[in-house]
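Below is one structure; the comments refer to it alone.
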Amino acid sequence: MQRHNFIEWADQYLRGELKPVDAEEFEDFCQSNAEYAQTFEEHKSFLHTFKITEERNLFKAALMEESNKVGSINNQKDFGTKVVSFWSKLQINTGVAAAVAFISVFSTLWLTGYFTDVKKATSDYSALRREMNSVKRNVSAQNKVIQNINKNDNSPKETPTHFGATGFLLTKDGYVVTNYHVVNGADSIQLQNQKGEAFRAEIIHSDSEKDLAILRITDSTFKTAKSVPYTFKKQLADVGEDIYTIGFPRDEAVYGQGYLSSNTGYSGDTIAYQISIPVNPGNSGGPVLDAQGNIVGIISGKQKGIDGAAFAIKSKELIETLNRIPNESLKGNIVLNNKNSLNKLSRTEQIKKLQDYIYIVKVY
Amino acid sequence: MSKIKHILSTDISDTEIIQGIAQGDNRYINKIYKVFYPSIAHMIISNNGTDDEAKDIFQEAVMVLYDKITQQKFELNSKLSTFLYAVSRRLWLKQLARKGHSRNTSDISDFEDILHVEEDIQQHQEIENKFDQMNEAMNQLGEPCQTLLKDFYIKNLSMRDITDKFGYTNSDNAKTQKYKCLQRLKKIFFTIKIKE
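For the record, the sequence lines run as chains A and B. Each residue of the first sequence is one higher than the last, beginning at 0 in numbering that gives the first Met the number 0. Each residue of the second sequence is one higher than the last, beginning at 0 in numbering that gives the first Met the number 0.
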């Protein structure tokens, strides 16, 4: 047998292409021919090496390929995925932390009154009308009152309660002045003097900018009074002047005394004076008189949180307002008294005389 | 890649990987890269290595594993990750020593070897040499012998297919050709072996 024929035979045997009989014959042949048996072993071992080499090459090639693929992805991805996963892991924690920080900051600010302080700074002006049917003097209601003045809002729901304040006669024929914020949105207005006589009144004119309202007593029971004892000061009063007021912070007239502390009112308001008289809700609309019994102003409000900072509208502004009232709305001219019958009297005498001309203004 | 992810479950045991390699399932290569490469790459890159060097070292480490698996009954007496890490570390230290960088690698060379992988590496290098001979022989053999032998012995194509593919007049002719090629390959292979 030729060598290459034997190799061919061996290949067929190794590949299992021989029939069982032929395979046996091959094995027998190998056993009987030691030389060929060795050749076969060599051939087998060589082929084994050959095959394994190829497999290994394939594996290596696959590894290379993967390395190029994975490696290049890895470089970009490696860091990226780490960062992304790090972020996604901590996203919730960060969110919660942010929310907690947010809440704690703002609740602390709220609890310590940071926001209320801010609000106060813009509206610590308090108008001094008095709520009659509920004794509580709700600060926020006062704030609303102020807002109403500026908005000129007459909606009835703004006055669910009725208010009390002070007013005083301008003339002997029944013209009365009080604050606009007192009568704003009023259904009806009653004036009551200290004797207990009550009169209905109507609004003749109102000036929301100056916070003034001119009323006229419409009741027939109102008797024309003796001429009012005081006069109205047309010039500015001097700072430091001794002044006093009578008002109705409760149902009795209350006297208050002090001095004129500044020529401007709340936050530089030139319409008003700053006065240092203890005033309370209900004092609104009350007259401010100087020692000689001249009306120098009308009490309108005070600044919350500051001691002794009350405000009174200048009498000069009142006269301007009176001059601006159109003639049609008047029944007879308003002629202000120019004869002062108080100037020689002592303070107590002045007050006694005055009391008849000062009214509680009740607004329903 | 997503396809492979789908075929192979994400959580894969060391034994599965070893079996996969033993059976020549190259899909596991991807898995190996995913699971073991990052830590090794980190180790090499943080020790004066580049990306490419990391890849080379990792490839060689995997080949050490491959040789270990295919050459003898492989018994895993540590975690696969530990084995690959130890081999990679050893290989990298060697490479660094060759480059004369040894003083900068204190942080990995100071530790004791986790595993004694020296033997495995040596064995791998012997095998590598052996296979290099075969590869060299195949290279020298040239075409069409190379393809013919591969087709017959590796791909197990029939003599008829080979006759058709290479355009021989009949299968006897093909057989003769195959025999001649094989003889030449053997000759080249053993010549190289003697030389070395």
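Using N, Cα and C, we set each Cβ at its ideal position, and we do this for glycine too.
- The beta carbon of B/His123 sits closer than 7 angstroms to the beta carbons of Met62, Val63 and Asp66 from its chain, once the five residues preceding and following it are set aside; these are given in chain order.
- Close partners of B/Thr69 in chain A (Cβ separation under 9 angstroms): Ile51, Glu54, Arg55 and Phe58.
- At least one beta carbon of chain A lies nearer than 9 angstroms to the beta carbon of B/Asp66.
- The DSSP assignment places complete alpha helix (DSSP H) segments of no fewer than 4 residues inside the region 8–81 of chain B at 13–21, 26–44 and 50–70, in order along the chain.
- Not flagged as an interface residue toward chain A: B/Met42, since no C-beta distance is shorter than 9 angstroms.
- Beyond the five residues adjoining it in sequence on each side, A/Thr217 comes within less than 7 angstroms, by CB distance, of Arg199, Ala200 and Glu201 in the same chain, given in chain order.
- Residues of chain A with a Cβ closer than 8 angstroms to the Cβ of B/Ile191 do not exist; the shortest Cβ-Cβ separation is about 13 angstroms.
- Residues of the region 134–164 of chain B with a C-beta less than 7 angstroms from any C-beta of chain A: Asn134, Lys149, Tyr152, Ile153 and Asn155, listed in chain order.
- Burial state of A/Phe39 is buried, judged by a 10 Å Cβ sphere holding 16 or more other Cβ atoms.
- In the DSSP assignment, A/Asn332 is bridged to no other residue.
- The beta carbon of B/Lys164 sits closer than 8 angstroms to the beta carbons of Asp150 and Leu156 from its chain, once the five residues preceding and following it are set aside; these are given in chain order.
- According to the DSSP assignment, A/Thr165 belongs to the beta strand (DSSP E) that extends over Phe162 to Leu168.
- Interface with chain B (9 angstroms Cβ-Cβ cutoff): A/Glu40 is excluded.
- For A/Leu259, the closest alpha carbon among the candidates A/Asp237, A/Gly246 and A/Asn279 is that of A/Asp237.
- At a cut-off of 9 angstroms between beta carbons, A/Ser87 makes no contact with chain B.
- Between the region 271–291 of chain A and the region 188–199 of chain A, the count of C-beta pairs closer than 8 angstroms stays below three; the two stretches do not touch.
- The DSSP-derived three-state label of B/Tyr152 is helix.
- Between A/Arg249 and A/Ile213, the alpha-carbon positions lie close to 22 angstroms from each other.
- Annotation for A/Pro286: the continuous beta strand (DSSP E) segment containing it runs Pro286 to Asp289.
- For A/Ala185, the closest of A/Asp210, A/Thr170, A/His161 and A/Phe167 by C-alpha to C-alpha distance is A/His161.
- In terms of beta-carbon proximity, A/Leu17 stays away from the interface with chain B, with every pair separated by 9 angstroms or more.
- Put simply, the CB of B/Lys93 is far from chain A, with every gap to its CB atoms at 9 angstroms or more.
- Collapsing the DSSP output to three states places A/Glu201 in a strand.
- Chain-ordered listing is empty here: chain B has no CB closer than 8 angstroms to the CB of A/Glu34, the nearest sitting near 17 angstroms.
- Straight-line measurement puts the Cα of A/Ile274 at about 7 angstroms from the Cα of A/Gly257.
- From the beta-carbon of A/Ile6, the residues of chain B found nearer than 8 angstroms are Tyr178 and Leu181.
- By the rule that beta-carbons nearer than 9 angstroms mark a contact, B/Tyr84 does not touch chain A.
- What B/Val61 touches in chain A, judged by beta-carbon distance under 7 angstroms, is Leu62, going in chain order.
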